[in-house]
Amino acid sequence: GRIHMGHVRNYTMGDVVARFKRAMGHAVLHPMGWDAFGMPAENAAMAGKVHPKKWTYENIAAMKKQLQSMGLSLDWAREVATCDPAYYKHQQKMFLDFLKAGLVAREYRKVNWDPVDMTVLANEQVIDGRGWRSGALVEQRDLYQWVFKISDYAEELLEALDTLDRWPDKVRLMQKNWIGRSEGLLVRFMLDAATVPNGESELEIFTTRPDTLFGAKFMAIAPDHPLATAAAAKNPKLAAFIEECKRIGTSQEAIDTAEKMGFDTGIRAVHPLDANWKLPVYVANFILMDYGTGAIFGCPAHDQRDLDFVNKYGLGNTPVVLPPGQDPKTFVVTDVAYDGDGTMFNSKNDVVDLNGMTPQKAFDTIANLLAATTRGNRPVGQRQVNYRLRDWGISRQRYWGCPIPIIHCDACGVVPVPAADLPVKLPDDVTFDKPGNPLDRHPTWKHVKCPSCGGEARRETDTMDTFVDSSWYFARFTDPWDADAPTTPDVANRWLPVDQYIGGIEHAILHLLYSRFFTRAMKKTGHLNIDEPFAGLFTQGMVVHETYRLKSGDWVMPADITIEGMGDQRRAKLTATGEPVEIGSIEKMSKSKKNTVDPDDIIAAYGADTARWFMLSDSPPERDVIWTEEGVQGAWRFVQRLWRLVGEVSEVSGPATRPAEFGAEALKVRKAAHRALANVSDDIARLRFNRCVAHIYEFANALSEAIGSVETAPGPDLAWALREAGDILVRLFAPMMPHLAEECWAVLGHDSLVATEAWPEVEPALLIENTITLPVQINGKKRADVTVARDATEDEIVAAVLALDAVQKALDGKSPKKVIVVPQRIVNVVA
RNA sequence: GCGGACGUGGCGGAAUGGUAGACGCAACGGACUUAAAAUCCGUUGGGCUAAAAGCCCGUGAGGGUUCGAGUCCCUCCGUCCGCACCA
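Residues 663 to 1493 in the working numbering are what the first sequence spells out, letter by letter.
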């Protein structure tokens, strides 16, 4: 099988990690070098709710100092960490292929802008709820952005989720919600000519509830809707309102506490089903320009936001969907909108009669009616599927990233860098002394000749989002030696998709969705011919640890404290000074909370095998592992025990030739070994490593007992069985504790490496018992056991059960109402 | 607000609708030792009981389906996660 463990930012990562490891003498358990050294700003900002600027420059200074102390220069770090020219060459080529295929666009976009760092924030950074998006630090700007047209694949990405049957439902659901498909209707409302600012004739809205058109009370448009802008030009109060919305709109607190605010523009819209029905057009702060058309019609009775709005502005509501069991004469909506199913009412005029229909039928009726009604050669209403998923903005105003291979020429416009000139490399001599993009500030780097006309031109100074790097590395891995192309399609198609991808849940949406898009884009451009990148996905938990904090609020490392007492009496103090320390919640290991355990310390104290064993044994892999000292010590003791046990086995184990017959003792050992083998094999395949560990403990306990009961020299059959058991035991734990296993394998007299040995074969006959013991229930409660032959008939079992004392006593001479025999499982007597 | 997951001993956790608590940690008792550590043996959900046998109660709370429910269904409580003014 092919397994990708973890998510590596790019192909140079191994090199970065390896070189740091060597340079620092530091064991790196997780390939996080890129985040830690390449992108301190992003990383720190996400982890610590700290403004990135502070971290960027301080961190780079700190990093520089650290590197100097190691005899290395910042230039060296940059060389390693920023860009593998080979990888970026192919990435740039692919970017240009995507461009040619219409998968890339340059959009004049409203972006979230960090005014202090002068950096565009990625979409996800603003909306993902982590840390630093406080209103004071984010403003909206209009800017050119390079985007990948992932929204072209919205439907396909959504539909194909059903084919990913080895992905967790949770991740599929998260992606489904992220794509956010909704079916509705685009409706063109005429505007009352006497009320419009500049002769505008109509307003197009998107709705998923055209069935509730008769409940309409108002229209609302986004503060940055063109109609709002036009109206504001002639209405200073409206302009002030819009300004206020924009100011508040970017702050998350404002959205959380969201008060619905609106401003009547004075414009009136004409109801599409009744030319005499005029609706006021408001500018409202809860309408998003990004979604639909940036305009809605409000039906307060059946939409909570609209209801909140009308209740504030006194516009009233008319219910048009009657909930089941309600009386149309008395049903009213006051504070809670009704968005459920029901029967249409209050929905009839000369044009159409919806009364009595289901909302779905009414939806279709209106959709068909408005599709058939035309104005100016276009239908008034048109079915439309909308997606929440937006195109992927990849432009970053940062140094750390793959340069976008584009040249801007005043005469020729946007010109791709010719293939022969790839890769576009980052300059080495950049300064980080000022905020903003060092590439843009660089004196010479961006000035180039236009490849098309030869005139003066400028390089694109944006670099790519590093998610681009991670979106196709798995394909590159299939043939990293191909110098000419990003992939060797034959090779990639043979290897991919990845059978089992293992990563953290934090990548559930972005990384995994981007990779799925990239796979499609690479298929379209001929780099791959597969549909999905990852056939199986497993999301593993994190290692977490208690946090410790001083009165002053400073966090303290676990290594610096001493813990006394137990349970509620547990108290911690600073080892050095005795100052009391508060024991806090268990959280993801992070540098900011200092609840990390240094891998060096673990390895020095217990060895890597113990660390691995503990992490596997403690919790199911999808759950977080709580790192505890006691738990690790327990694992360590077991390592010692295994070592002794294997030594004992090697002393008593016997001949290499298999005896023809096995006595009872030998058979018992063999059964234990093969049962453990069968169980571990099964659980490894299902990634249930904590159960594997339990089976190995059980087997080791059984083997110890068997050896303990050998008084003198064992007979040849037992000796052979012990030898077999030892061999199986070592191979069972070899994947989990490879170093120990190799040592043990040698002790058992093998010349080979256990790593190269085949997995042992189960002898099925040893898993079958001749007699089975069934629990006996009386009225569903366990009262006794019965031991019968494995192939006993149901009648024989019933007879045996009815003969039991406990059953006799319970029946008290009566015959049972019913006896349920579940073969190989249980017997239940219903008295 | 919407969506999802989860809730089992002192702790981490086992349990295709079929003996609840596998296995481990911690704790307690014992053996070994001058002693400690390590190691080995044993006990360990609660209650009734001197003890054993036996019985009763126990998987967040309440109800339901079933011969049988930790597991399935309904209501509620709690915790965690994701999305969040998406029309």
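Ideal placement from N, C-alpha and C gives every residue a C-beta, glycine not left out.
- Non-local C-beta neighbours of LEU1084 in its own chain, meaning closer than 7 Å and more than five positions away in sequence, comprise LYS751, GLN754, LYS755 and PRO1067, ordered along the chain.
- ARG1348 carries a coil assignment under DSSP once its states are collapsed to helix, strand and coil.
- Secondary-structure assignment with DSSP links ASP1012 through no beta bridge to anything.
- If only uninterrupted beta strand (DSSP E) runs of at least 3 residues are considered, those enclosed by the stretch 856-915 are 864-869 and 880-883.
- PRO934 counts as buried, since no fewer than 16 other beta carbons sit within 10 angstroms of its beta carbon.
- Between ILE1164 and MET836, the C-beta gap is not smaller than 7 Å, which leaves the two residues out of contact.
- Per DSSP, ILE1245 lies in no alpha helix (DSSP H); the unbroken beta strand (DSSP E) holding it starts and ends at 1242-1250.
- Annotation for ILE904: PRO885, ALA890, ALA894 and VAL945 place their beta carbon closer than 7 Å to its own, counting only its chain and skipping 5 residues before and after.
- For a cut-off of 8 Å, the C-beta gap from LEU1051 to GLY877 is around 30 Å, too long to register as a contact.
- From the listed residues LYS908, ASN979, LYS879 and VAL982, the smallest Cα separation to TRP939 is found for LYS879.
- Sequence-distant partners of THR857 (beyond 5 residues in either direction) whose C-beta falls short of 7 Å from its own C-beta, in its chain, are GLY928, ILE929 and ARG930.
- When beta bridges are read from the DSSP output, THR1449 appears opposite THR1435.
- By the neighbour-count criterion, in which 16 or more other beta carbons inside 10 Å mark a residue as buried, LEU826 falls on the buried side.
- Linking ASP1216 to ILE1167 through their CA atoms gives a straight-line distance of about 29 Å.
- Remark: C-beta atoms of LYS1235 and PRO1242 approach each other more closely than 7 Å.
- Under DSSP, ARG1211 forms a beta bridge with TRP1217 and GLU1244.
- Fewer than three Cβ pairs drawn from the stretch 1347-1366 and the stretch 1412-1423 lie within less than 8 Å of each other, which leaves the two stretches out of contact.
- The stretch 1379-1391 and the stretch 1317-1325 touch, with three or more beta-carbon pairs separated by less than 8 Å.
- In this structure, PHE1139 is the residue among PHE1139, MET1204, THR1237 and ALA1364 with its C-alpha nearest to the C-alpha of LEU1190.
- Rounded to the nearest angstrom, the Cβ distance from LEU1380 to VAL1308 is 17 Å, too far for a contact under 8 Å.
- Shown here, PHE851 sits in a strand according to DSSP, grouped into three states.
- Between GLY1043 and the set LEU847, GLU862 and LEU977, the nearest pair of CA atoms involves LEU847.
- Three or more beta-carbon pairs drawn from the stretch 1111-1125 and the stretch 1059-1077 are found closer than 8 Å, and the two stretches are therefore classed as touching.
- In terms of Cα proximity to MET951, the closest of ILE883, ASP926 and PHE993 is ILE883.
- Secondary structure note for GLN1162: its beta strand (DSSP E) is the uninterrupted segment 1162-1166.
- In the DSSP assignment, CYS1071 falls outside any alpha helix (DSSP H) and within the unbroken beta strand (DSSP E) covering 1068-1071.
- For ARG1332, the three-state secondary structure derived from DSSP is helix.
- Under the three-pair Cβ rule at 8 Å, the stretch 1104-1112 does not count as touching the stretch 1145-1164.
- Remark: C-beta atoms of PHE1324 and ALA1297 do not approach each other more closely than 7 Å.
- In this structure, the CA atom of HIS887 is about 6 Å from the CA atom of GLY956.
- Counting along the chain, no alpha helix (DSSP H) covers ILE958; the unbroken beta strand (DSSP E) around it starts and ends at 957-960.
- Two segments are said to touch when three or more pairs of C-beta atoms, one from each, lie closer than 8 Å; by this definition the stretch 857-870 does not touch the stretch 1011-1019.
- Following the DSSP letters along the chain, one finds PRO1078 inside the beta strand (DSSP E) bounded by residues 1075-1078.
- Per DSSP, the unbroken beta strand (DSSP E) holding PHE925 starts and ends at 924-933.
- Following the DSSP letters along the chain, one finds ILE1488 inside the beta strand (DSSP E) bounded by residues 1488-1492.
- Rounded to the nearest whole angstrom, the CA to CA distance from THR1123 to TYR1135 is 24 Å.
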